[in-house]
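S.K.: Below you'll find the structure I mean.
Residue numbers (my numbering): -11 to 95.
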């Protein structure tokens, strides 16, 4: 049987040798691998979270820009409606004056 490398041994090798020292090394190896995997997963979760937050911020910024654009358009429409209201008021006043003049002429 070949000698066991430090920190890396297979389950079959541990079972075959069965020595407490080899079992301890196997346990350390497994613990090291698990720690490495947990750290990798943690890093991946952090990266994914950052990406999701960046996407959320981007969506929020798009919504804000769209809202600002809508408010600008509504302000323009409001101004146009005010001009139309003034024009209608002038026409109503002129129409009243014309009606008075017609009534005066018809008498």
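Positions of the beta carbon are idealized from the N, C-alpha and C atoms, including for glycine.
Mark residue 60 as exposed unless 16 or more other C-beta atoms lie within 10 angstroms of its C-beta, in which case mark it buried.
M.R.: Taking the first residue of the chain shown as 1, we reach residue 60 at position 72. Under this definition residue 60 is an exposed residue.
S.K.: Look at the alpha carbon of residue 63 and the alpha carbon of residue 69, and state the distance between them as a whole number of angstroms.
M.R.: One-based indexing of the chain shown puts residue 63 at position 75. One-based indexing of the chain shown puts residue 69 at position 81. Taking the straight line joining both Cα atoms gives about 10 Å.
S.K.: Tell me the DSSP secondary structure of residue 95 in three-state form.
M.R.: As a first step, residue 95 is located in the chain shown; it is residue number 107 there, counting from the start. In this structure, residue 95 counts as coil in the three-state DSSP scheme.
S.K.: Exposed or buried, which one is residue 45 when buried takes at least 16 other CB atoms within 10 Å?
M.R.: The residue labelled residue 45 in the question sits at position 57 within the chain shown. Answer is exposed; the Cβ neighbour count stays below 16.
S.K.: Enumerate in chain order the residues of its own chain whose CB-to-CB distance from residue 80 is below 8 Å, with the five nearest sequence positions on each side excluded.
M.R.: Numbered from its first residue, the chain shown carries residue 80 at position 92. Result list for residue 80: empty, nothing under 8 Å.
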